[in-house]
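Mind the numbering: the sequence shown is residues 3 to 216 in our numbering, read in order. All C-beta atoms, glycine included, are put in the ideal place defined by N, C-alpha and C. Structure record follows, encoded as structure tokens.
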Amino acid sequence: MLEKLQEKYTSVLEEKLLKTIALVGQFRKLAKGVSLIDIGDQLTHMPLILSGAIRIMKEDPNGNELLLYYLEIGDTCAMTISCCLGGKRSNIRAVTESPTELILIPVAYMEEWTVNYQSWRSFVFNSYSVRLEEMLEAIDILAFHNMESRLYKYLKDKAMVRSDGVLQITHSQIADELNSSRVVISRLMKKLSLDGKIRNQRNNIEVTALMPRK
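The following block contains the structure:
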């Protein structure tokens, strides 16, 4: 586990802290679609991602999910840290977006490391800053843009966390995640395809802006 940590986090966290994480952390290898954290859970561990991606969502009063952001290699969840340090129950849902390797760190170490390790403190504060910007963008899209803009951002964000940039997802699944209808999503997908923003072939979707030039 230490070798994996050194490979991914040497430029971010100091060696002494990496060795400590390897001692106290729990390595997990998870398939796609595994729930890590649910709303109302008492948080006991914080995930540190080694590979793959995690989808972070919030729920409205009607039970509809709102995508907040994705976590990838080198990321950690600012909202999880906030709940851990405040002793609060989770207000987010975390689900693996793809096969994922991670280390679960006991929350008992969070405050101690924030005080004793400059690298950890910078890592946490940077995570807060990046996640805040992403949440503000999500709010802006919801408040001021139409469904087409929301759909295109959703597809770009989802494609960016995949190594091949190809999404294998149905229009019905997209509609569920965006709280829309399949008919609306299919119509907008056709428009995005005609505009050259995506290549849509049945259940395979390529976001043109993210595909390498030939």
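> Under a Cβ-count criterion, where at least 16 other Cβ atoms within 10 Å of its own Cβ denotes burial, should residue 219 be classed as buried or exposed?
Replying inline: Lying before the first or after the last residue shown, residue 219 is absent from the chain, which here runs from 3 to 216.
> From this set, 96, 132 and 31, which residue's C-alpha is nearest residue 76's C-alpha?
Replying inline: 132
> Between residue 128 and residue 20, what straight-line distance do the alpha-carbon atoms span, to the nearest angstrom?
Replying inline: 18 Å
> How is residue 216 classed by DSSP in three states: helix, strand or coil?
Replying inline: Low confidence applies here, because residue 216 scores a pLDDT of 44, under 50, leaving its location unreliable; read the following figure in that light. It is coil, neither helix nor strand.
>> Suppose you measure from the CA of residue 207 to the CA of residue 167; what does that come to, to the nearest Å?
In response: 9 Å
>> Based on DSSP bridge pairs, tell me the residues matched to residue 127.
In response: None, per the DSSP bridge assignment.
> For residue 196, which of helix, strand or coil comes out of DSSP?
Replying inline: helix
>> Please report the straight-line C-alpha distance between residue 3 and residue 123, rounded to a whole angstrom.
In response: 22 Å
> When the Cα of residue 119 is compared with those of 23, 6, 59 and 64, which residue comes out closest?
Replying inline: 23
>> My output table needs one value for residue 161: the three-state DSSP class, helix, strand or coil.
In response: helix
> Helix, strand or coil: which one does DSSP assign to residue 113?
Replying inline: helix
> What is the C-beta distance between residue 30 and residue 106, in whole angstroms, given that I count them as a contact (C-beta under 8 Å)?
Replying inline: 6 Å
> Is the number of C-beta pairs between the region 58-70 and the region 7-20 that are closer than 8 Å three or more?
Replying inline: no
> If you draw a straight line from the C-alpha of residue 137 to the C-alpha of residue 70, how long is it?
Replying inline: 6 Å
> Hey, residue 161 and residue 169: beta-carbon distance below 7 Å or not?
Replying inline: yes
> In the structure shown, what three-state DSSP assignment does residue 25 receive?
Replying inline: helix
>> Just to confirm my understanding: we take residue 12, look at its own chain, exclude 5 residues before and 5 after, and list those with CB closer than 8 Å. What are they?
In response: 20
>> Just list the residues that DSSP pairs residue 46 with in beta bridges.
In response: The partner list for residue 46 (beta bridge, DSSP) is empty, contrary to what the question assumes.
>> Classify residue 98: buried if its beta carbon has 16 or more other beta carbons within 10 angstroms, exposed otherwise.
In response: buried
>> Tell me which residue opens and which closes the alpha helix (DSSP H) that residue 60 is part of.
In response: First-last for residue 60: 56-61, but that is the beta strand (DSSP E), not the alpha helix (DSSP H).
>> Taking 8 Å as the limit between beta carbons, can you name the residues of its chain near residue 156, skipping five residues before and five after?
In response: 69, 176, 179 and 180
>> Given this structure, state the Cα-to-Cα distance separating residue 44 from residue 90, to the nearest angstrom.
In response: 7 Å
> For residue 102, which residues of its own chain have a beta-carbon under 6 Å away from its beta-carbon, when the five flanking residues on both sides are left out?
Replying inline: 32 and 54
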